[in-house]
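A short worksheet on the structure shown next.
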Amino acid sequence: MAAQFKLPNLGENIDSGDVVRVLVRVGDPITKQQPLLELETDKAVIEVPSSVVGTVEEIHVKEGDKAEVGQLILTVGGEQKKQTKKEKPESRTPPPQKARKPQDPKAAKSAKVEKPAAKKGKKPARTPKTSGAEVVDFAPVPSEAPVLTQVPVKKPDQPVPAAPSVRRFARQIGVDIHEIQGSGTRDRISIDDVKDHSRRLHQASERTATGSEPEAVPLPDFTRWGEVERKPISNVRRKTAEHVSHAWRTIPHVTQYDKADITRLEQGRKRHGRKVEAAGGKLTVTAIMVKVVASALKVFPQFNASIDMLNREIIYKQYCHIGVAVDTDRGLLVPVIRDVDRKNIMDLSVELSEIAVRARDAKLTLEEMQGGSFTISNLGGIGGTYFSPIINTPEVAILGVSRGKIEPVDQDGEWKPRLMVPLSLSYDHRLIDGADAARFLRWVAQALEEPFLISLEG
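In structure tokens, the structure reads:
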């Protein structure tokens with residue numbers, strides 16, 4: 004009997020992806036954890052590993068197809084059959100029925116009727132839930148409103164398949180249990196079902212309150228004025244568009260600007276660059292900036308936080324994970340460098356070089372793009388003076404870095420050429436006041452000018 008490999012759970016809020024490449028062919032032997040296909044999700048291109056062993060008999064998807072979680076991807080035979088035979092004796096239960104007396108006809112008839120009903124009510128495995136305290140990057144409120152009207156509302160006098168503890172929990176959080184669709188056998192309702200229903204209600208309410216569902220405006224027929232070419236929006240570009248749109252609508256953005264004199268810093272960077280290259284990295288302004296910002300977050304903890312308007316709380320993070328925006332041919336990606344405060348600049352340089360290569364080669368994992376607490380976007384390699392970056396919600400601030408330029412600076416009454424780098428700090432005004440933003444950015448600028456400040460205060 005052939006086995007079926009279906010697309011497994013890909014992560015929180017990810018239920019589908021586009022097939023970029025199928026990595027096996029019919030007749031290929033496969034082993035567990037062997038990559039079977041490359042899939043472009045909303046966040047990155049990932050390799051999907053095998054959970055079965057055997058030989059590929061049939062491939063049910065091709066490049067360009069959209070695959071959903073639970074969809075059949077491969078039919079596998081061969082060695083998988085042997086594995087099934089091995090497992091069969093272990094799952095067999097002893098036959099006590101032989102020692103029992105025959106059932107009465109009514110009971111036997113009842114058992115025959117119930118058997119197919121139980122099979123029919125069986126539900127697919129539920130997607131694992133993550134802790135509510137987990138902060139996930141690029142997980143905006145979906146652009147489509149959650150459908151809450153598909154479940155037929157039961158009348159209050161109708162029996163609801165739920166345990167007393169589940170009913171009590173629903174009453175405590177203000178949810179009508181008659182409106183909930185259960186996921187268990189015969190639609191039995193669990194506490195997770197109640198939580199999911201409550202979360203969808205909150206999301207719908209939040210979108211209504213923030214006006215985050217603007218009506219789509221039809222575009223004119225551009226072919227009236229010339230030739231056009233239409234291309235589908237990639238998953239990464241679509242999710243980026245949704246994410247920044249949600250952030251711009253829901254966060255009151257303010258941007259603070261400043262300049263830092265990095266003349267001495269640049270001299271030191273060139274002096275020590277070869278040592279870092281020997282370790283496998285590249286000593287860049289971005290790598291140094293990551294370390295400086297990590298020190299600044301210790302001095303100004305409100306910048307390493309998130310604001311929870313639903314629960315009216317401020318979440319101060321005790322970790323320091325910094326996202327670094329990377330320009331790729333598939334769009335903007337933000338891999339996260341973890342525990343920056345525990346690493347030196349050489350370690351950060353090596354890690355940043357490696358993660359930037361993986362981002363451009365579409366080899367980033369979803370885990371590498373989650374959990375950031377602050378973001379840095381450096382456009383200095385491209386050009387420009389200042390820009391106003393959009394906050395990477397649920398973070399509360401983002402630092403933009405532009406190209407450095409030699410400028411005349413007055414030092415003790417004498418004009419001297421200094422390398423000045425423009426800095427742009429966008430912040431969430433709900434949590435951060437203008438004075439704090441100015442102090443934060445000035446501290447970053449002074450730390451770049453005088454690195455001793457990192458050891459002294461950071």
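Position in the sequence shown (first residue = 1) + 3 = this note's numbering.
Quick reminder that beta carbons are idealized off the backbone N, C-alpha and C, glycines included.
Span separating the alpha-carbon of residue i from that of residue j
i, j, result
"Q36", "P52", "5 Å"
"A448", "T44", "38 Å"
"D31", "L367", "26 Å"
"C323", "L351", "13 Å"
"G3", "A282", "In the structure as shown, the chain starts at 4 and stops at 461, and residue 3 therefore has no counterpart that could be examined."
"A362", "P411", "38 Å"
"H63", "V23", "14 Å"
"L13", "E453", "45 Å"
"E60", "A6", "10 Å"
"A173", "R189", "19 Å"
"L42", "E417", "59 Å"
"R421", "G403", "20 Å"
"G3", "S405", "With the chain covering 4 to 461 only, the question about residue 3 has no answer from this structure."
"K234", "G386", "29 Å"
"L26", "M423", "49 Å"
"D68", "G20", "8 Å"
"D329", "R341", "The sequence shown places Val at residue 329, not Asp. Near 16 Å, if we compare the C-alpha coordinates of R341 and V329."
"R170", "D311", "27 Å"
"K419", "P425", "18 Å"
"H249", "G375", "18 Å"
"D264", "V293", "17 Å"
"S391", "D431", "13 Å"
"I348", "I457", "12 Å"
"L313", "T34", "46 Å"
"R445", "N238", "38 Å"
"E245", "I17", "14 Å"
"L336", "T243", "9 Å"
"P164", "D179", "13 Å"
Residue i - DSSP class collapsed to helix/strand/coil
i, result
"G437", "helix"
"P420", "strand"
"V29", "coil"
"T378", "strand"
"H63", "coil"
"K84", "Any reading at K84 needs caution, since the residue's pLDDT is 41, under 50, leaving its predicted position unreliable; the model's value is listed next. Of the three classes helix, strand and coil, the one that applies to K84 here is helix, per DSSP."
"Q175", "helix"
"A165", "strand"
"Q184", "coil"
"L451", "helix"
"E232", "coil"
"L268", "helix"
"I291", "helix"
"V220", "coil"
"K104", "Confidence in K104 is poor, its pLDDT being 43 and thus under 50, which makes the residue's placement too unreliable to answer from."
"T58", "strand"
"I325", "strand"
"A110", "Here the model assigns A110 a pLDDT of 42, short of 50, so the residue's position is not dependable and the matter cannot be decided."
"E147", "Unreliable placement is indicated for E147, whose pLDDT of 37 sits below 50; the coordinate value is still reported in the next sentence. The answer is coil: DSSP assigns E147 none of H, G, I, E or B."
"I192", "strand"
"L355", "helix"
"T331", "strand"
"L13", "coil"
"R445", "helix"
"G281", "At residue 281 the sequence reads Ala, which differs from the Gly that was named. DSSP places A281 in helix when its eight states are reduced to three."
Whole-number beta carbon distance between residue j and residue i, since they are thought to touch under 8 Å
i, j, result
"E398", "S298", "About 18 Å separates the two Cβ atoms, so there is no contact after all."
"T396", "I254", "6 Å"
"I394", "S429", "6 Å"
"L451", "L300", "Not a contact, Cβ separation roughly 15 Å."
"G81", "L10", "That pair is no contact at about 21 Å."
"P338", "E370", "Not confirmed; about 10 Å, so no contact."
"S79", "G57", "What sits at residue 79 in the sequence shown is Val, not Ser. Contact flag correct, Cβ pair sits at about 4 Å."
"R272", "I291", "7 Å"
"R333", "A365", "7 Å"
"D195", "I183", "Incorrect: roughly 11 Å between the Cβ atoms, too far for contact."
One or two residues paired with residue i in a DSSP bridge
i, result
"A263", "V424"
"E43", "D21 and V48"
"T258", "S429"
"T400", "At residue 400 the sequence reads Ala, which differs from the Thr that was named. Partner(s): Y430."
"A463", "The structure shown does not extend to residue 463, since the chain is modelled only from 4 through 461, so no value can be given for it."
"E71", "S19"
"A6", "V79"
"P38", "P52"
"P411", "P420"
"G386", "None; G386 has no bridge partner."
"I340", "I325"
Near the ligand COA: residue i beta-carbon under 8 Å from a heavy atom
i, result
"E316", "Absent from the structure shown: the ligand COA. Ligands present: none."
Short CB-CB distance (under 9 Å) between residue i and chain C
i, result
"I76", "Here chain C cannot be found, since the structure has a single protein chain."
* Can we say the segment 375 to 389 touches the segment 354 to 363, given the rule of at least three CB pairs closer than 8 Å? -> no
* Validate contact between the segment 269 to 279 and the segment 433 to 440 using beta carbons, cut 8 Å, 3 pairs -> no
* Counting pairs of Cβ atoms below 8 Å between the segment 195 to 206 and the segment 231 to 248, do you hit three or more? -> no
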